[in-house]
Amino acid sequence: MLDTLSPARRRRSGVVLPHAALFDRAGLRARIAALHASDKPSLDVRREVIALFNAALGHGRAMARKTLEANGGGLACAGQLAHIEDELIQAIHHYVVNHVIVGGWPEDGDAEANPCTIAAVGGYGRATLAPGSDIDLLFLLPAAKRERGERVVEAILYVLWDLGQKVGHSTRTIEECLIEARADMTVRTALLEARFLLGDKALFKTMRSRFEREIVHGEAAEFVAAKLAERDARVARTGRSRYLVEPNVKEGKGGLRDLNTLFWIAKYVYRVREAADLVGAGLFSRSEYQLFRRCEEFLWRVRCHLHFLTGRAEERLTFDHQRQIASRLGYSTRGGLASVERFMKHYFLIAKDVGDLTAIVCAAMEEKQAKPYAALDRFFGPLLYDRTLVATGDFAIGSGRVTVAAADVFARDPVNLIRLFWVADRNGLAIHPDATRLVTLSLKRIDAKLRANAEANRLFLDILTSRNTPEIVLRLMNEAGVLGRFIPDFGRIVALMQFNMYHHYTVDEHLLRAVGNLTDLEKHRLSGEHPLASEILPSIGNRTAVILALFLHDIAKGRMEDHSLAGTQVARAICPRLGLSDAETETVAWLVENHLIMSDTAQRRDLGDRKTIATFANRVQTLERLKMLFIVTICDIRAVGPGVWNNWKGELLRTLYWETEVVLAGGHSTIDRKRRVAEARAELRRALPNWSDLDFEAYAARHPQAYWLKADLDQKILHAKLLNMTEVEMPAPVTNIVADSARGVTELTVIPPDHPRLLSIIAGACAASAANIVDAQAFTTTDGMALDTIFISRAFDYDEDELRRAGRITFAIERALKGEIELREMVAARTSQAGAIHNTFRLHPEVSIDNSLSNRFTVVEVSGLDRPGLLYDLTTCLSRLGLNIGSAHIATFGEKAADVFYVTDLDGGKITSTEQGESIRRMLLKTFAQSAEAER
247 MLDTLSPARR RRSGVVLPHA ALFDRAGLRA RIAALHASDK PSLDVRREVI
297 ALFNAALGHG RAMARKTLEA NGGGLACAGQ LAHIEDELIQ AIHHYVVNHV
347 IVGGWPEDGD AEANPCTIAA VGGYGRATLA PGSDIDLLFL LPAAKRERGE
397 RVVEAILYVL WDLGQKVGHS TRTIEECLIE ARADMTVRTA LLEARFLLGD
447 KALFKTMRSR FEREIVHGEA AEFVAAKLAE RDARVARTGR SRYLVEPNVK
497 EGKGGLRDLN TLFWIAKYVY RVREAADLVG AGLFSRSEYQ LFRRCEEFLW
547 RVRCHLHFLT GRAEERLTFD HQRQIASRLG YSTRGGLASV ERFMKHYFLI
597 AKDVGDLTAI VCAAMEEKQA KPYAALDRFF GPLLYDRTLV ATGDFAIGSG
647 RVTVAAADVF ARDPVNLIRL FWVADRNGLA IHPDATRLVT LSLKRIDAKL
697 RANAEANRLF LDILTSRNTP EIVLRLMNEA GVLGRFIPDF GRIVALMQFN
747 MYHHYTVDEH LLRAVGNLTD LEKHRLSGEH PLASEILPSI GNRTAVILAL
797 FLHDIAKGRM EDHSLAGTQV ARAICPRLGL SDAETETVAW LVENHLIMSD
847 TAQRRDLGDR KTIATFANRV QTLERLKMLF IVTICDIRAV GPGVWNNWKG
897 ELLRTLYWET EVVLAGGHST IDRKRRVAEA RAELRRALPN WSDLDFEAYA
947 ARHPQAYWLK ADLDQKILHA KLLNMTEVEM PAPVTNIVAD SARGVTELTV
997 IPPDHPRLLS IIAGACAASA ANIVDAQAFT TTDGMALDTI FISRAFDYDE
1047 DELRRAGRIT FAIERALKGE IELREMVAAR TSQAGAIHNT FRLHPEVSID
1097 NSLSNRFTVV EVSGLDRPGL LYDLTTCLSR LGLNIGSAHI ATFGEKAADV
1147 FYVTDLDGGK ITSTEQGESI RRMLLKTFAQ SAEAER
């Protein structure tokens, strides 16, 4: 199990054989000997020796990089780097025992006879090494010669450290290796892949045989459990989905560490020495072993490029690296997909394949009773559903999973390719990997005839609309390849990423999570966050239409045309096939076409403007559509990624819902506007028991009606206390800070006297303090006080640190409002220091000016690439153009800023002049152009 890597095995693993072009060991020895024969001082000699080692190492690494960049293989590059390191350690050892500690060396006078045996362990033990990886070494010493061995070890390590090598090392006797391996699974795993480098080979073989006999034998279950638990913890740290758009190539789900874990487990349980032996052991078929090799090769290629590109052990494939690596790997733009999107689609398909291999190994461990059986979902035990469903003659239960009763089950009736997953859902059981294997071999049977089969479509709709675990079952169908074959339009977006910072998952994963969010709402898992959604969901008459809309709303992503419009055509084709009526089909198509409108209106329109509500209500038309769109919007936003949904977005959506309900109900709502305002005032009155009725009524009169519907109770309580301070305790401006770790933002409230450039000054002070504004809301009291709340991205994990930072920001805001600092220069200086993202993302700025969206204001919409100080520049530009900003609605979608300003001219009128409108558009676009040029 522990062994050197033979030449034959090097060829099979894709590792390049050693050759002098990579590392000239003989020449290096001769030059070192010549230096020591010279009359130079010993310190100078050592310095030149280190320089020789460094040059040899640099030459070898440069050759490996050149080979990789000339379309070489990832495993070949990793093998070359490991070979270079082998040669370097051999050379350093020779140098140490011949030139460093010669005096008093072994009594027999043989400089090569030494008490130190060196083995590579960990990843280096597999004879693969990434450019930035640590070098893991085991120095194995005989107990009788430990002192002399430690002198050699120390001298070798000093040379490696002088070379800047990152070395992980242990110095042990055989007994110490065995003791540590019994107590520590990490040590056990490292020894599992130990590879002999130099020294006493008999000593190494003794350690190997004792390790196998005393540690490995009979303890497979313990090792498997530990490795799988370790994997679960690692995946939890790096992100539970393998479809995160900035994946961790090494540690992430579907990455190299998953492949390593599979091999560790297989080696431990099946007692094999290399992956190819797993075919003979019966774990993998030959095609599955080839899949293992393809996954390993691709991931190693990406990882080596990533390390060379960054010059460090960078494992996260971030947006700024994805485009460059896509170019290095030769991907090009094709079929509506950018080169980087095609590269990442390939990456996620590989991650999916790693998941398939993981399932195979886990099932095999279950068969060997090395791990417990798995249920379909953590919320459902394996015995909750009617077992009569599996007694159909086609399926059975094996190892606690649904499996096929015969090998011809899919050939005899292709509908069983859908029915298998229907049975799994109805019984709450996972699917046995043997059945999944047979599914993947039978995918060609999912053809036009099966797609037109009424029973197959009925079963699929049952799965999709199931009240059990539709997200999980659909994901199983997707990973088996069934979903993309049965719904070809879905197949087009499998593993498709959107190259932006807003979406955290691939498109297919996003759609499945959206369906899962509906299940969570129905099972009241989200009632605390979404009380209104939980209340109205049972009243929706067409639940099927909502689910189909969630499943299809982004299905046309990656096409040349607008995905919402193209998605309606997909919906009109798929829904009748699934048995929906014409009316139901049109409802689904409308929801798909308009799935963004409610979120866009809530976040980028003034909900206190009656024209906003009237326009939105005219688009929605019916209360049933409003309910369905509200649910679809919530499920969609929550499926974008962690932290995207927040309470403020919830308040905006609820406000838009209630305001629109009033209009669509003909002015009669279950909770009409006046009543909701009265209830909001009464709620705040109860929260301020120490206030007198007279004081509270005077205070409440300071707020317009829209305020009571927009702000939540916590905000209203805070505003009451702060506004009261402006009158009785301290002069304005008043500021307040709330660190919200749950939402990843810090909330700054600022209350000064209102004036036209207020938002620009606050934005400038934030930009000058390196605070990134992600959201903002503004109110104005009837007596002229501004009540602005700014949400900025957190910079620190701990609230204490974040509060100190926020204190500095609010101090800057206060000084700016008093005119004590020059904002323009400070913002320019800060912006020039900020990292540019223009080389990563390419967004063309857009400006639109519309007088139809409000009765009082001209609405200016601005979108483009976000950057520090952008909001300050935009608001300053509007002020210079002689415009008053009535309200601003700031939204950031990843790298994209989408800001809306409700403005008037200095006389309070709309912008009606075409010439003035063009001037506004031109100046705002110039602001984006200047910022892009400055960052370059």
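In my numbering, the protein residues as written are 247 to 1182. Idealized CB from N, CA, C, for every residue including glycine.
Please report the distance separating the alpha-carbon of residue i from that of residue j.
i: L443; j: V655; result: 52 Å
i: R477; j: F544; result: 21 Å
i: T831; j: R850; result: 30 Å
i: L552; j: I381; result: 18 Å
i: D290; j: H282; result: 10 Å
i: D852; j: A924; result: 21 Å
i: R434; j: K591; result: 36 Å
i: V816; j: I733; result: 10 Å
i: R456; j: H340; result: 29 Å
i: N662; j: I692; result: 10 Å
i: P998; j: W836; result: 45 Å
i: I1166; j: L720; result: 49 Å
i: D939; j: A946; result: 10 Å
i: P679; j: I606; result: 6 Å
i: G557; j: L969; result: 53 Å
i: A272; j: T604; result: 45 Å
i: S578; j: S585; result: 4 Å
i: R1168; j: F565; result: 31 Å
i: A926; j: G1140; result: 33 Å
i: L211; j: T711; result: The question about residue 211 has no answer, for the chain in this structure spans 247 to 1182.
i: A322; j: E422; result: 35 Å
i: L403; j: H1090; result: 54 Å
i: N494; j: D855; result: 46 Å
i: Q568; j: K312; result: 20 Å
Given residue i, which residues of its chain have a CB within under 7 Å of its CB, disregarding the five upstream and five downstream residues?
i: M1072; result: A1014
i: L524; result: A512, Y516, V518, F530, Y535
i: Y729; result: The amino acid at residue 729 is misidentified as Tyr; the sequence shows Leu. Excluding sequence neighbours, L729 sits near L720, M723, F736.
i: A521; result: F509, Y535, F538
i: A802; result: H809, A812, G813, V816
Since residue i and residue j should fall inside the 8 Å C-beta cutoff, what is the C-beta to C-beta distance between them, to a whole number of angstroms?
i: A365; j: A467; result: Contact flag wrong, Cβ pair sits at about 27 Å.
i: L796; j: V878; result: 6 Å
Taking Cβ to Cβ, would you say residue i is nearer than 8 Å to residue j?
i: H750; j: L490; result: yes
i: L334; j: F299; result: yes
i: S810; j: V792; result: no
i: I571; j: V600; result: no
i: G320; j: A559; result: no
i: V1105; j: V1146; result: yes
i: F1174; j: G1132; result: no
i: F641; j: V669; result: yes
i: R948; j: D1000; result: no
i: V996; j: T981; result: yes
i: C1012; j: I1067; result: no
Can you give me the Cβ contacts of residue i inside the same chain, cut-off strictly under 6 Å, excluding the 5 residues immediately before and after it?
i: F1129; result: Position check: residue 1129 holds Leu in this sequence, whereas Phe was assumed. Same-chain partners within the cutoff: V1149.
i: N714; result: D671
i: T419; result: L387, A389
i: G395; result: P361, C362, L387
i: L502; result: K496, L545
i: H345; result: H282
i: K873; result: I782, I786
i: L899; result: A848
i: D1119; result: T1173
i: S773; result: S780
Suppose the cutoff is 8 Å on Cβ atoms and the five residues either side in sequence are ignored; what does the same chain contact list for residue i look like?
i: H776; result: L767, I880, G896
i: G1053; result: I983
i: L216; result: The question about residue 216 has no answer here: the residues shown for the chain are numbered 247 through 1182.
Residue i: beta carbon under 7 Å from a heavy atom of the ligand ADP?
i: K312; result: Here there are no bound small molecules, and the ligand ADP is not part of this structure.
Exercise for review: Could you say if the segment 735 to 745 and the segment 753 to 760 meet the contact criterion of at least three C-beta pairs nearer than 8 Å?
Suggested key: yes
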